[in-house]
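J.:
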Amino acid sequence: MNIKEIEAKIVELKGKQSEIISKKKADRDAAALEAIRKELNELKAQATSAYAK
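By my numbering, the letter at position 18 of the sequence shown is numbered 838, and the numbering carries on one by one without gaps.
In structure tokens, the structure reads:
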């Protein structure tokens, strides 16, 4: 994945994350939120290594 694709995916995931967080806490899908957080962390690590090159 190149840096532009990584950045686009991060923006997409942040949008999904904000949709989930905007719901009342009792109505949130905790598993989906956790999956988004894990994927964001992985993408941020990839972006960091891509910028370091």
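We put the CB at the ideal spot given by N, CA and C, even for glycine.
Sorted by chain position, which residues of the same chain lie with C-beta nearer than 7 Å to D849's C-beta, five sequence neighbours on each side aside?
T.: One-based indexing of the sequence shown puts residue 849 at position 29. The answer, listed in chain order, is I840.
J.: To the nearest whole angstrom, what separates the beta carbons of L833 and L860, a pair I think is in contact under 8 Å?
T.: For the purposes of this step, residue 833 is identified with residue 13 of the sequence shown, where counting begins at 1. For the purposes of this step, residue 860 is identified with residue 40 of the sequence shown, where counting begins at 1. Indeed, because the Cβ distance is near 5 Å, the residues count as touching under 8 Å.
J.: Looking at the unbroken alpha helix (DSSP H) that takes in S869, where does it start and where does it end?
T.: In the sequence shown, the residue the question calls residue 869 occupies position 49. Unbroken alpha helix (DSSP H) run through S869: 850–872.
J.: Taking C-beta to C-beta, are A865 and I823 nearer than 8 Å?
T.: Here residue 865 refers to the residue found at position 45 of the sequence shown. Here residue 823 refers to the residue found at position 3 of the sequence shown. Not closer than 8 Å, so no.
J.: Locate the alpha helix (DSSP H) running through S842, then write down its first and last residues.
T.: The residue given as residue 842 occupies position 22 in the sequence shown. Careful: S842 lies outside any alpha helix (DSSP H) and carries neither H nor E.
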